[in-house]
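To start, the structure itself, in C-alpha cells.
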Amino acid sequence: MNISSEIQNTVSHKYALSVLDGTLISGDKIKLAVKRYFTWLENAETDGYYLDHNAGIKMINFFPTCLKHTKGKLAGDAFILAPFQQFTIYNLFGWKNKKTGLRRINTVYDKRAKKNGKSAEVAGISLGVMAIDRESSAEVYVGATKEEQAKICWQQAVDFINHPMYKSDYLEKLGFRCLQNKILFEPNKSMMRPLGGDSKTQDGINSHLSILDEYHAFRDDSVKENLESSSVQRSQPITYHITTAGTNTFGVCKQYEDTCIEILQGQKKDDSLWIMIHDLDEGDDWEDENNWYKANPLLGQGLS
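Following the working numbering, the numbering of the sequence shown begins with 22 at its first residue and continues without gaps.
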C-alpha cells in the first residue's frame, strides 16, 4: 500500500492510526470504519478511486479560516475541527473517481451523542460546499421532521455569518448574505434554507447537499426521498444523515443503521456511503467514564 506523505501527515490519517492501535478509546463500529478506510486505501488503484489530498484538506481548512465558534467556552475562537471530524470531512471531499474526477462518497451516516458538535459541523460544511464546490446555483437544505428543528442547524450557519460578537467578517467578504429564511452565496447564486415535513411547500427544490437532522426522529423517509429525488440533476450531490440514538427500534433510522452496520461488517457493500457510528459496545458499563468517549468523541475537545 503506497500512501503519500501528504496523506500520512494529515490529522485524519493519524486519527485512523490511533483508533487502529487502540491509543484512542473508540467503539467497535468506529474501529470497523477505520479498517474500511485502510481497505479503501489498499484497493484504491484496483477499484478506480484516488484520495485527493488538496480537495480534502481545503474543506478542513475552510473551518478555522472562515468560521468562529459562536457558543460555549470556545466562543470567539477559530473553528478547528477535532480529529474525528477531520477524518470524515477529509474522506468525504477527498475521495474521487479516477475516470470522472467526481466524489466517490455521496452519502454520510454520522451518529454520536448529543452535544458533540453535529449542528455546528454540518452548518460549516454547508457554507463550505456553497463556497468551494463551484456548483452553479447549489441548493443546500437542512431537512427535519419539523421546520423548527431544521432551523437549528440553519441558524448556526446564520450565526457564523451574522453573530453580533463572533461572526466571521471573512464570510461576508466571500459573498454570503442572510435573508429571513435563506442564506445566499452570491458569487455562484447558491443558497441554504431549512425544510421540514411541515413546511408549506417541498416543491421546486434542486438539492446539492441534503442534511437530515436528528434522523432518529423521522417517522418516515418522505422528506429524505423528496430531497434525494430532487438531486438527480446534480453531478455530485451529498445526503448527510446526522443523528443521536433513538428509541424507535422499528423506525427508518434504525433500519438504515442496521444496513450501515452490515456494510461495516462486510456483509453488504456500498462504496459511496461513509459511516461513523460513535456508540457504546454491547456489554459496556455506561457508568464507566472511560466508555463515555465511545459515544462522545468531543470529550476533552470542547465538550466537558
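Ideal Cβ placement from N, Cα and C applies to all residues, glycine included.
Endpoints, alpha helix (DSSP H) assigned at residue i
i       : result
Gly-217 : That residue, Gly-217, is in no alpha helix (DSSP H); its beta strand (DSSP E) goes 211-217.
Ala-99  : Ala-99 -> no alpha helix (DSSP H), and no H or E assigned at all.
Glu-160 : No alpha helix (DSSP H) holds Glu-160; the beta strand (DSSP E) holding it covers 160-165.
Ile-182 : 168-183
Asp-372 : What the structure shows of the chain is the stretch from 22 to 325, and residue 372 is not part of that stretch, so it cannot be assessed.
Asp-292 : No alpha helix (DSSP H) holds Asp-292; DSSP gives it neither H nor E.
Rounded separation between residue i and residue j - CA only
i       : j       : result
Ser-158 : Arg-124 : 19 Å
Gly-43  : Phe-59  : 15 Å
Glu-278 : Asp-306 : 22 Å
Gly-225 : Tyr-162 : 12 Å
Lys-203 : Ala-141 : 17 Å
Leu-260 : Ala-171 : The sequence shown places Thr at residue 260, rather than the Leu named in the question. One C-alpha to the other measures close to 15 Å.
Asp-49  : Gln-276 : 19 Å
Lys-315 : Lys-52  : 11 Å
Lys-56  : Glu-63  : 11 Å
Asn-183 : Cys-199 : 8 Å
Gly-321 : Leu-233 : 27 Å
Lys-119 : Glu-310 : 44 Å
Asp-98  : Lys-92  : 10 Å
Lys-194 : Ile-81  : 19 Å
Ile-284 : Tyr-130 : 12 Å
Host beta strand (DSSP E) of residue i (start-end)
i       : result
Phe-197 : 197-199
Phe-206 : 204-206
Tyr-11  : In this structure the chain extends from 22 to 325, so residue 11 is not present and cannot be described.
Asn-118 : 116-118
Tyr-261 : 259-264
Ile-81  : Segment 74-87 is the alpha helix (DSSP H) holding Ile-81; no beta strand (DSSP E) there.
Asp-234 : 230-234
Burial state of residue i (16 or more Cβ within 10 Å)
i       : result
Ala-178 : buried
Asn-75  : exposed
Gln-106 : buried
Ser-325 : Reliability fails at Ser-325, whose pLDDT of 40 lies under 50, so the model's placement of it is uncertain and no value is given.
Thr-166 : buried
Gly-77  : buried
Pro-208 : exposed
Asn-127 : buried
Ile-296 : buried
Gly-168 : Looking at the sequence shown, residue 168 is not Gly but Glu. By the neighbour-count rule (16 or more Cβ atoms within 10 Å), Glu-168 is buried.
Ser-293 : exposed
Val-143 : buried
Val-244 : buried
Integer-rounded CB distance, given that residue j should sit under 8 Å from residue i
i       : j       : result
Leu-88  : Gly-145 : 5 Å
Glu-246 : Ser-231 : Glu-246 to Ser-231, Cβ: 10 Å. No contact.
Val-273 : Asp-300 : Not confirmed; about 18 Å, so no contact.
Three or more C-beta pairs below 8 Å linking the stretch 96-116 and the stretch 60-74: The answer is yes - the stretch 60-74 touches the stretch 96-116, with three or more Cβ pairs under 8 Å.
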